[in-house]
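> Quick one: the structure is below, and I'll ask about it shortly.
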Amino acid sequence: MRRMMLGVLLVLLGLSAVAQADEKPLRIGVTAGPVAQVVQFAAGLAKERGQRVEVVEFTDWVTPNEAVNTGDLDANLFQHGAFLALQNAKRGTKLVQVDPVGLIAPIGLFSKKLRSLEAVPVGGSVAIPNEPLNGARGLRLLEKAGLITLAPGKGLAVTKFDVVANPKKLDIIELDAAQLYRSLDDVTLAMVNLTYLIPAGGDPNSALLLDRSADDQFVLRFTAREDRKNDPRLRRFVETFKAPEVKSYIERNLPAFVPAWPGA
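Remember, my numbering sits 14 above the position in the sequence shown when you count from 1.
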């Protein structure tokens with residue numbers, strides 16, 4: 015009897031191993047840089063746990079959603095909820111956040127010419143992202159720095175035309191987000207997202223003002239199609255991503271970033 019039970023157990027284990035071997039790898043899209051680093055680390059941890067995860071890197075903020083929507087990717091991790099809502103409305107997609115787990119990727123005001131916000135000269139130039147949502151974040155950060163005043167009640171719909179006070183007569187220039195760090199050679203200061211700053215060799219500690227706000231709408235989270243958000247492979251990887259090893263990796267290698275999940 016014991017031999018029979020042992021034989022059945024071995025068969026079941028063998029079937030489980032075959033099933034895992036035949037399971038399609040989970041495909042996750044990320045933006046190149048810090049987010050890709052974290053997801054690659056988590057993918058390595060998943061491999062140790064018997065799961066195959068392929069990490070696909072992109073250099074823009076549009077293609078990763080298109081690839082998820084068409085099914086070429088199972089999910090992505092690069093965007094916060096406010097950006098996702100804007101993209102869904104703009105492109106007619108219905109992508110959803112998968113789980114309350116992700117990263118807070120700070121934004122900051124940086125300069126190669128100044129060492130403090132107090133030194134910002136009259137007539138200085140300021141570069142912010144040229145897309146509405148992150149452009150609004152840039153303007154709000156300038157207001158937080160005391161450099162401008164915005165019309166109240168606009169929220170993330172605010173634009174540079176809603177600047178009601180600009181005592182230093184700053185010239186606000188809108189540029190592609192990926193170009194903002196490079197623009198520091200030409201402008202007085204710029205709002206740069208750390209997902210672009212770090213790969214370009216910038217130092218987060220050099221920020222004149224760093225916004226690490228834990229505002230829920232700005233947490234980068236896994237995103238998938240509605241019909242795939244409960245894919246067991248994806249759920250399994252999300253649990254791996256919440257492992258203490260991933261949190262430690264972030265704290266060691268990307269100290270400006272903030273792990274954002276319950277218990278982190």
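Glycine is no exception: its CB is placed at the ideal position from the N, C-alpha and C atoms.
Do you know whose CA, among Ile186, Leu153 and Asn244, lies nearest Val136's CA?
Nearest of Ile186, Leu153 and Asn244 to Val136, Cα basis: Ile186.
> DSSP on Asn267, reduced to helix/strand/coil?
Of the three classes helix, strand and coil, the one that applies to Asn267 here is helix, per DSSP.
> Could you give the uninterrupted runs of the alpha helix (DSSP H) lying entirely in the stretch 39-77, keeping only those of 4 residues or more?
Here the runs fully enclosed are 48-62.
> Cutting at 8 Å between CB atoms, please list the residues of its own chain near Thr73, excluding the five before and the five after it.
Excluding residues within five positions, the ones whose Cβ falls inside 8 Å are Thr45, Ala46 and Ala192.
> Does the beta-carbon of Ala171 have 16 or more other beta-carbons within 10 angstroms, so that it is buried, or is it exposed?
Its Cβ having fewer than 16 others within 10 Å, Ala171 is exposed.
> Can the beta-carbon of Leu203 be found closer than 8 Å to that of Leu155?
Cβ atoms of Leu203 and Leu155: not closer than 8 Å.
> Is it right to say Ser125 is buried, meaning 16 or more other beta carbons lie within 10 angstroms of its own, or is it exposed?
With 16 or more Cβ atoms within 10 Å of its Cβ, Ser125 is classed as buried.
> Are Glu201 and Ala141 touching if we call contact CB-CB under 8 Å?
Per the sequence shown, the amino acid found at residue 201 is Val instead of Glu. Yes, the pair counts as a contact, with Cβ atoms nearer than the cut-off.
> I'd like the span of the beta strand (DSSP E) that includes Pro246, first residue to last.
Taken as a continuous stretch (DSSP letters only), Pro246 belongs to no beta strand (DSSP E), being part of the alpha helix (DSSP H) at Pro246 to Phe255.
> Go ahead and pull the three-state DSSP assignment for Val260.
Helix at Val260.
> Could you say if the stretch 244-264 and the stretch 48-63 meet the contact criterion of at least three C-beta pairs nearer than 8 Å?
Touching, yes, given that three or more Cβ pairs across the two stretches are closer than 8 Å.
> I'd like to confirm the pairing. Which residues does DSSP put opposite Asn102 in its beta bridges?
Asn102 pairs with nothing; no bridge assigned.
> Between the C-alpha atoms of Val260 and Ser130, what's the straight-line distance to the nearest angstrom?
Using only the alpha carbons, I get a separation of about 34 Å.
> For Glu145, name the three-state secondary structure that DSSP assigns.
Glu145 falls in the coil class under three-state DSSP.
> From what residue to what residue does the alpha helix (DSSP H) around Leu208 run?
Note, Leu208: alpha helix (DSSP H), Leu208 to Leu211.
> Report all residues from its chain with a CB closer than 7 Å to the CB of Asn180; omit the five preceding and five following residues, and keep chain order.
Excluding residues within five positions, the ones whose Cβ falls inside 7 Å are Ile162.
> Grouping DSSP H, G and I as helix and E and B as strand, with all else coil, what is Ala35?
At Ala35 the pLDDT is 42, less than 50, meaning the model places this residue with poor confidence; the figure from the coordinates comes in the next sentence. Three-state result, Ala35: helix.
> Between the alpha carbons of Leu128 and Leu198, how many angstroms are there, rounded?
Their backbone Cα atoms lie some 11 Å apart in a straight line.
> To the nearest angstrom, how far is it from the Cα of Asp229 to the Cα of Phe271?
Approximately 14 Å between the Cα atoms of the pair.
> Measure the Cβ-Cβ separation of Phe232 and Gly116 and say whether it is below 8 Å.
No, the Cβ-Cβ distance between Phe232 and Gly116 is not below 8 Å.
> Along the chain, where does the beta strand (DSSP E) containing Pro129 start, and where does it finish?
Looking at the sequence shown, residue 129 is not Pro but Arg. No beta strand (DSSP E) contains Arg129, which DSSP labels as neither H nor E.
> Relative to the alpha-carbon of Asp88, which residue among Asn267, Gly277 and Pro246 has its alpha-carbon at the smallest distance?
Cα-wise, what sits closest to Asp88 is Pro246.
> Where does Val178 land, buried or exposed, given buried means 16+ other C-beta within 10 angstroms?
Burial call: exposed.
> With distances taken between CB atoms, is the gap from Pro276 to Ile264 smaller than 8 Å?
No, the Cβ-Cβ distance between Pro276 and Ile264 is not below 8 Å.
> Would you kindly report the start and end of the unbroken beta strand (DSSP E) that includes Asn90?
Where Asn90 is concerned, the enclosing beta strand (DSSP E) stretches over Ala89 to His94.
> Going straight from the alpha carbon of Thr173 to that of Glu145, what length do you get?
Approximately 10 Å between the Cα atoms of the pair.
> Between which residues of its own chain and Leu223 is the CB-CB distance below 8 Å, once the five residues before and five after are set aside?
Contacts found: Gly122, Leu123, Leu131, Leu155, Lys158 and Ala159.
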